[in-house]
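Chains A, B, C and D, in that order, give the protein sequences.
In terms of this note's numbering, the first sequence opens at residue 1 and continues consecutively.
In terms of this note's numbering, the second sequence opens at residue 289 and continues consecutively.
In terms of this note's numbering, the third sequence opens at residue 577 and continues consecutively.
In terms of this note's numbering, the fourth sequence opens at residue 965 and continues consecutively.
Note that beta-carbon positions come from the ideal geometry of N, C-alpha and C, so glycine has one too.
These notes concern the structure reproduced below.
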Amino acid sequence: MAIIVDKSTRLVVQNLTGREGSFHALRNRAYGTQVVAGAAPGHGGEDVEGIPVFNTVSEAVRETGANTAATFVPARFAADALYEAIDAGLETIVCITEGIPVHEMLRLYQYARDRGVTLIGPNCPGVISPGKANVGIIPAEIFAQGSVGLVSRSGTLTYQIGYELAQLGLGNTTVIGIGGDAVVGSSFIDILSRFEADPETEIVVMVGEIGGDEEERAAQFVAEEMTKPVFAYIAGFTAPPGKTMGHAGAIISGSAGTAQAKKEALEARGIEVGTTPTEVAQLVAKSV
Amino acid sequence: MAIIVDKSTRLVVQNLTGREGSFHALRNRAYGTQVVAGAAPGHGGEDVEGIPVFNTVSEAVRETGANTAATFVPARFAADALYEAIDAGLETIVCITEGIPVHEMLRLYQYARDRGVTLIGPNCPGVISPGKANVGIIPAEIFAQGSVGLVSRSGTLTYQIGYELAQLGLGNTTVIGIGGDAVVGSSFIDILSRFEADPETEIVVMVGEIGGDEEERAAQFVAEEMTKPVFAYIAGFTAPPGKTMGHAGAIISGSAGTAQAKKEALEARGIEVGTTPTEVAQLVAKSV
Amino acid sequence: MVSRLLLGMDLYEYQGKELFRRHGLPTGAGKLAQTPAEARAAAEELGAAVVVKAQVHVGGRGKAGGVKVAASPEEAEARAAAILGMEIKGHVVRRLWIESAAEIEREYYLSVTLDRGAKKPLFMFTTEGGVEIEQVAATNPEALVKLHVDPLEGFHPWHGRALTFGAGIADANERRQIERLASQLYEVFTSCDATLCEINPLVVTKAGELLALDAKVTVDDNALFRHEDIAAMRDPEAAPLEERAAREKGVTYVKLDGEIGVLGNGAGLVMSTLDLVALAGGRPANFCDLGGGGAAQGVVDALEVISADPQVKAIVFNIFGGITRCDEVARGILQALEAIAIAQPIVVRFDGTNAEEGRRLLSEAKLTNVYPEPTMLEAAKRAVELAG
Amino acid sequence: MVSRLLLGMDLYEYQGKELFRRHGLPTGAGKLAQTPAEARAAAEELGAAVVVKAQVHVGGRGKAGGVKVAASPEEAEARAAAILGMEIKGHVVRRLWIESAAEIEREYYLSVTLDRGAKKPLFMFTTEGGVEIEQVAATNPEALVKLHVDPLEGFHPWHGRALTFGAGIADANERRQIERLASQLYEVFTSCDATLCEINPLVVTKAGELLALDAKVTVDDNALFRHEDIAAMRDPEAAPLEERAAREKGVTYVKLDGEIGVLGNGAGLVMSTLDLVALAGGRPANFCDLGGGGAAQGVVDALEVISADPQVKAIVFNIFGGITRCDEVARGILQALEAIAIAQPIVVRFDGTNAEEGRRLLSEAKLTNVYPEPTMLEAAKRAVELAG
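In C-alpha cells:
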C-alpha cells in the first residue's frame, strides 16, 4: 500500500483514444498499473490494445470497477471531464492537462473537496508509487522503490531530484507532481499529511518554486503536525519577478511569493533547504 | 443538553427590527433563550429592548458569540440572509420565513450541508427544548419538559399533538418543526438520528403529511438505525391529490406521496401510526 | 403554506413552448386560437397540414379526442369547433394551439424535475417515447435514464452525454442535438424557477431534426414575484369559480366534493381536520387554511367563500391558537355573521392562545347556529351530525 | 507552463474600463489618443477640464508624471506631447486616455482578485483610498475589509453589505452604490476570467456619485480562447522585442538581463538552471522553457531567439528527458546550427529518455562550439566559464 496510487488502483484514462492518452496509458500499463478502462465520448465499444473504451466515465466505473482517473482531455474540455469523473464517484483523479482556466479550477477545487475526491493537478506529471503503480506521464525508470516521499510543483525538476536520490541509492514510496498552476486540486499540505500517515514513508522531500504561499503554509504544517523529517528545494531565486497579480497578490498571501521568502519561511520552521537539486538529495542521504 | 437548541444556544435574530422578528425574539428571550443579538442592515447600533442590533451577522457573531440564528427575513431577501448566516459560521439556523423559491432552497440545502451547518426550515415554526430554549414562533406554554422527542412537517399540528401529549402528562425533550416546503434544510432522518443519539430522549413521535417520500425514507431509517420506539401520525388521507408534479413526481420518489402510502410504509417497518392526533398521544402514553 | 398543496402554476403547452423558444429549444411553428375562425386563420397562415391541440392542464387529451390533424384550413375550423368546449377530465377546453404537423420518425421522452428526496434537479430521458413514462419506469426501468444535476454547479456537457449515451443514441448528429436541447431545458428549468419541464414526446423528424412536440412546464408559485411575464400567463378561468373568488381575497382554498366546510389555521391541522371529518363519516367540502395570521377580515372572507358553496351543509372551525389568536378568529366569525347571511351551522373548536376569550366572545353573542366543541374530533363529529 | 511566470494578460486602464462599462460600472467619459492632436480633439469633444493619463502596465504613473490635468484642449495637446514617449519603469508610453476630470470628494479602494491560498475570489475594500494598498494593509489592517466569495455560489447581496458595513460607510445611498458596484465588479471578474479587477481610486464625487477612476484588470491567459474580444486587446508592442519574436514562434521566453542563455524542458527545471547559473557566478540572459514536447523545430526557434540576443555570450541546454526525448533535442540543435550562424558556445546536459543517443548524435557531428557536460551544475559552471 502506498498513498494516492498503488496496487489497488484501477485506472480509467479519460481521452484514452487520443495520442497522449493512449501513449501514456500503455506505458502506465506496461509498468504494472491496472489500466482497466478508457473513456472517450463516441468511442464506446472500441479498445486500445485490449483496454476497453466507454462513452462515459460512469459506464467505465460500472463495468470495470475503476476507482482512479487519469485525465488527458484538451484544456477547453477538461473541466467538463473532471466534473464527469468526480460525479462518477472516483476516489482519485490525476489531471495531466495543461492550460485549464483558473476560474474553472476554483469551482472544481471546491466541488471535489466537498465530495471528498482526491484531485491531483492539473498541469502535473502525475503520481508514481515505484513498484506499485504509475499514473500519468512520469518516466518510471528514474525512480526506485524506497522510503522517501517526494512531492513537487514541478515536473522535470521532480525527475531531476528523483534521479539525484537514486544516484545516492535512495528510492521513493510515492512521487507526486501536484502541478504548477495557481490553483491545483491538492496542495503540499494535503500530500504531506498523507505521507505523515503512510507507514512506509520515512522521509519527505518537497520541491517548491516561486509564486503563491503554499510552501510557507507547508512549513507551518510540518512544524506543527509532522513527526517525519522533511527536506526542501526551492526553484526560482533568480527568476524574474515577472508579472505577479498586481499589488493585491502580496497582501493576500502575506508573502512576497519569492524563492527567498519561501526558503526563509521553511528554515525558520527548522526545515533544511538544499541549494541545488544535488544538495537536497545529499541532505536526505545524510539523514538516513 | 438537548438537541438543536438548548441552554448553550446564543441566538441572533435576523431582521430583529421587523414586526415579527422583534415580537418573537422577545417571547423567545422571555422563555429563557439567550437572545444575544439582532441583525438588520442599516440598524447597527440600535437595540430592541436591550438586544443589540448589528448590520451584519458576522459582526453579531464577533461581538456576541452568537452560534444560532432565527431568520425572519421576508421571502425575497431570505436566501441572501441564509447565505450570510451560513458564511458567518453559525452552527444552527432556524428559518421561519415562508415562501422562499424552491430553487434557492436547492442551492442552500447543498451549501449548508457542505459546510456542516444545521438548517431547520424554512417555512417552519421553529424549535423548542422545553425548559431550555425556544427559537422561533412555537407557543411555549403548550409544551412541558419530558422525554418524548417530537418532529413534524406541520406547525399547528405539532402544537395539537404536543397538547395531546401534555394532557396525558407527557413532556418533550425537543420539539422540531422541520417545515412544510418541498425542500427543507433538515429531514426527518436528520432529526431522528439526533434524537437517537440524545440520551434524554426515550421515545420519538414523527408527524408527517402528504407529498414527497420523507416519511417512507424515515421508516427505513427507523427500522435499520434506531433503537428507540417511534410513533407516527400522518395528515392528509382525504386531501385532494391536487396538483402533484406531473407524472415525473411519482417516478422519482417511487412513492405516490399519499398519506395511505406513507402509513403503509411506516407500518411495514413496525412503526405504529395513530389515526388521530389523540390516538398517537395515547399510543405513546401506553408505551411509557 | 399554500405550497404544500399547490406545488406550482401549470402552464399550457403553448406557454411552455414560448419559454422553450426563448431558450433556443426547437418547437414547431404554431398559433393560439380561441374560436374556430381563429383556428382557420391560423391554419391558413401556417400552411400545409396542422394539428389542432386542446390546451388543458391535464394529460391524456389525445385519448380524449382533444388533438386532431387537419389537412386544410376548413378542416382545422371544423376540428376546432368540435374540440372547443369539450370537457377533458373536468377541464373545459377554451384555448387551442394550432401547430404545423411534423413528420415524425421516432418519439422520445425528456424531462427535468425537482427530486424532493435527493434535493436536486433530476433529468429523465428515454427513447421509449409515446407511452406513459410511468409505464416505462415500471416495465422497462433500464430504458429510463435518470440523472441528477448538482444545483450549485449546474448543467455540464457531460450531463448531456450521460443522457444520450445512457439511452443508447447511436447517431452522433442526433446526440449533439439532444445534448444541446437538454442544456437548454435545464436553462428553462432554473431561469424560470420551474419545478417541472417535460417534453413528451420529443420527436425526431424524418429529416433527422429534434423537435419538442409537447411542453409541460410547472413554475414555483413562490418565485413568481421575479417572473412577471410568467405570472401573467396564469389563466384565471382555469381554476374552479370558488377558488378564483378565494384567490382574489387572498384565502388559501381548495374546493372538494363534500358537504362539510372546513377552516383551520395551518395546512397540517386543516388536513388533519379533513381526515377527522371523514373518520366521523362526513365528506369535506373544501380545504381552507387561514394561515399564520388569522386576522378577523381573513375569517370573514373565508366564511363568505365557503358558505356560498351550495353543497356545504355545515362548517367546522378548528383553531389551535399560536400566533393566531382565538379571540381574533371569534371576532371574525361575529363580523361575518353580521355582514352576510350564513345558513349553515358553524361548529367551533378553539385551543391555545386566547381560547377562553374566543369562546367567551362567541357565547356572549348568543348565536343560535354556532356550536362550541372542546376537541377537534368532537367538533368534526358534531359538524357531520349537523350536516346530516 | 507559461502560466507560472506570466500570470495573466494585463489590460490598460481604458481597456479595463471598457469591460467595466459593459457590466454597468460607472466610469468617467473618455477617449483614447495616440498623438497630441488626437488628445486635443478628445479634449474638445469631452469639453471642460480633462485628465491626460499615460496607459502603461505598471503602477506609479502619477508620481512619474504620467497623469496630468488639462484645463483646455491646447493644454491637453501639450500635456500629451510631454507624456507620449515618456518611459515609466521601463514601459514607453504610446497610448493616452483622455478623461473628463471628476470632482473628487473622497477616494476609496476596491478590488477582487484570486486568493491562491484560499482558492477563492477575494474582495478587498477600504475607505483609505489614494494611498498604496500595501501601506493600508501594513499600517492600518483593520481599515481593510477582506472578504472571500464561494466560487460555486457566487456573489450575493450580503457580500456587498459585508464590504460597506465592514468599512463603516455611513451614508445609505453611498452604500447602495458600492454594493451594486461590487456585484458588477464580481461579474467582470468571473465573466471575463480575470485574476484581478482593481479600482484604485474608487471615488465619491462631490455630487455623491461613485466612479471608477482607474481600472486595473488582469485576465487569465488560459481562458483567452473563450474571450476573443479581450484577446484582441493585447498590445503586441507592450512586450520586449525578443519576447514578441518568441511568442510568434510559440516559444515560452522571458528576457532577463544577463549573458548566459538558458534553455530547458519544464518551468521548474529551467528556474533551477537559472539559479545554478547564478550560483556559478553568471547571470541568466533569459528564461526559456521548451515545454513538454521539445520537438526539433521548437529547439531551432528557441535557439534563433536566444542567439540573436547581443548580450548572450554562452548558451546552456538543460534537458531531463521524460516525454521530451534527448535525441530529438540534439537533432534540433544540429538543425539550428546548420540553418543559422550561432556564434555562442552551447553547453549541453542531457539525462533521462534517450540521453545516450542524444549525446552520441552531438559528438558524431564533431561540432567545435558544443560542449557536453554530465550534470546540470557542471553545465552551468561551464557556460559561465565560456561566457567569461
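Three-state secondary structure assigned by DSSP to residue i
{"i": "Thr352 of chain B", "result": "helix"}
{"i": "Gln920 of chain C", "result": "coil"}
{"i": "Ser481 of chain B", "result": "helix"}
{"i": "Gln455 of chain B", "result": "helix"}
{"i": "Ala1191 of chain D", "result": "Here residue 1191 of chain D is His; the residue named in the question, Ala, does not match the sequence. In this structure, His1191 of chain D counts as coil in the three-state DSSP scheme."}
{"i": "Gly1296 of chain D", "result": "helix"}
{"i": "Leu1350 of chain D", "result": "helix"}
{"i": "Asp1253 of chain D", "result": "strand"}
{"i": "Glu560 of chain B", "result": "strand"}
{"i": "Phe237 of chain A", "result": "coil"}
{"i": "Ser1147 of chain D", "result": "helix"}
{"i": "Val1197 of chain D", "result": "For clarity, residue 1197 of chain D is Met in the given sequence; the question names Val instead. In the structure shown, Met1197 of chain D sits in coil (DSSP, three-state: anything other than H, G, I, E or B)."}
{"i": "Tyr976 of chain D", "result": "coil"}
{"i": "Cys768 of chain C", "result": "coil"}
{"i": "Pro289 of chain A", "result": "Residue numbering for chain A in the displayed model covers 1 to 288; residue 289 of chain A lies beyond these limits and cannot be assessed."}
{"i": "Ser129 of chain A", "result": "strand"}
{"i": "Ile882 of chain C", "result": "helix"}
{"i": "Arg1139 of chain D", "result": "helix"}
Status (buried if at least 16 other CB within 10 Å, exposed otherwise) for residue i
{"i": "Ile916 of chain C", "result": "exposed"}
{"i": "Gln433 of chain B", "result": "exposed"}
{"i": "Ser1155 of chain D", "result": "exposed"}
{"i": "Glu386 of chain B", "result": "buried"}
{"i": "Lys639 of chain C", "result": "exposed"}
{"i": "Ala1307 of chain D", "result": "exposed"}
{"i": "Ala556 of chain B", "result": "exposed"}
Residue i Cβ short of 6 Å to the ligand GTP heavy atom set
{"i": "Val1269 of chain D", "result": "By its list of ligands, the structure shown contains no ligand whatsoever, and the ligand GTP lies outside what it can speak to."}
Contact list for residue i against chain G, beta-carbon separation under 8 Å
{"i": "Asn798 of chain C", "result": "No chain G appears in the structure shown, which is made up of the protein chains A, B, C and D."}
query = For the stretch 65-88 of chain A, which residues have a beta carbon sitting closer than 9 Å to at least one beta carbon of chain D?
reply = Ala75 and Arg76
Are the stretch 753-761 of chain C and the stretch 658-674 of chain C in contact at 8 Å, needing three or more beta carbon pairs? no
### chain D contacts made by the stretch 165-197 of chain A, where a contact means CB separation under 8 Å
Gly180, Asp181, Ala182 and Val183
Practice item. Name, going along the chain, the residues of the stretch 138-163 of chain A whose beta-carbon falls closer than 7 Å to a beta-carbon of chain C. Key: none
Whole beta strand (DSSP E) runs in the stretch 1050-1105 of chain D with 3 or more residues, listed along the chain? 1060-1064, 1068-1079 and 1084-1090
Can you give, in chain order, each stretch of the beta strand (DSSP E) that sits fully within the stretch 290-362 of chain B and has at least 3 residues? 298-302, 322-327, 339-342 and 356-359
For the stretch 424-433 of chain B against the stretch 893-911 of chain C, do three or more pairs of beta-carbon atoms, one drawn from each stretch, fall closer than 8 Å, so that the two count as touching? yes
- [ ] Determine which residues of the stretch 729-746 of chain C have a Cβ less than 7 Å from any Cβ of chain A, and write them out in chain order.
- [x] Glu729, His732, Pro733, Trp734, Arg737, Ala738 and Phe741
Query raised in the report: Residues in the stretch 749-775 of chain C with C-beta within 9 Å of chain B's C-beta atoms, listed in sequence order?
Result: Phe765, Thr766, Asp769, Ala770, Thr771, Leu772 and Glu774
Review point. Any chance the stretch 551-565 of chain B sits against the stretch 781-792 of chain C, with 3 or more Cβ pairs inside 8 Å?
Key: no
Whole alpha helix (DSSP H) elements within the stretch 594-668 of chain C, 4-residue minimum: 612-622 and 649-659
**Study point:** Interface positions of the stretch 1300-1334 of chain D facing chain A (Cβ-Cβ less than 8 Å), listed along the chain
**Key:** Asp1315, Gly1316 and Thr1317
If the cut-off is 8 Å on Cβ atoms, which residues from the stretch 494-506 of chain B count as contacting chain C, listed in chain order?
Val495, Glu497, Ile498, Gly499, Gly500, Asp501, Glu502 and Arg505
| said: Tell me whether the stretch 723-734 of chain C and the stretch 703-715 of chain C touch, counting them as touching only if at least three CB pairs, one residue from each stretch, are closer than 8 Å. | reply: no
Practice task
Could you list the residues in the stretch 392-407 of chain B with a C-beta less than 8 Å from some C-beta on chain D, going in chain order?
Solution key: Arg395 and Tyr399
Exercise. Report the residue ranges of all alpha helix (DSSP H) runs contained in full by the stretch 181-229 of chain A; include only those spanning at least 4 residues, in chain order.
Key: 188-197 and 214-225
_What are the residues in the stretch 1071-1082 of chain D lying within 9 Å of chain A by C-beta distance?_
Ser1075, Val1076, Thr1077, Leu1078, Asp1079, Arg1080, Gly1081 and Ala1082
Original post:
Relative to chain D, which residues along the stretch 306-337 of chain B have a C-beta separation below 7 Å, given in chain order?
Top reply: Pro329, Gly330 and Gly332
Enumerated in chain order, which unbroken segments of the alpha helix (DSSP H) with a length of 4 residues or greater are wholly contained in the stretch 364-398 of chain B? none
Using 8 Å as the threshold, is the stretch 768-783 of chain C in touch with the stretch 688-701 of chain C, meaning 3 or more CB pairs across them? yes
Does the stretch 76-91 of chain A come close enough to the stretch 1162-1171 of chain D that 3 or more CB-CB pairs lie under 8 Å? no
### Message
Tell me which residues of the stretch 1229-1243 of chain D have at least one Cβ-Cβ distance to chain A shorter than 8 Å, keeping chain order.
### Response
Asn1229, Gly1230, Ala1231, Gly1232, Leu1233, Met1235, Ser1236, Leu1238, Asp1239, Leu1240, Val1241, Ala1242 and Leu1243
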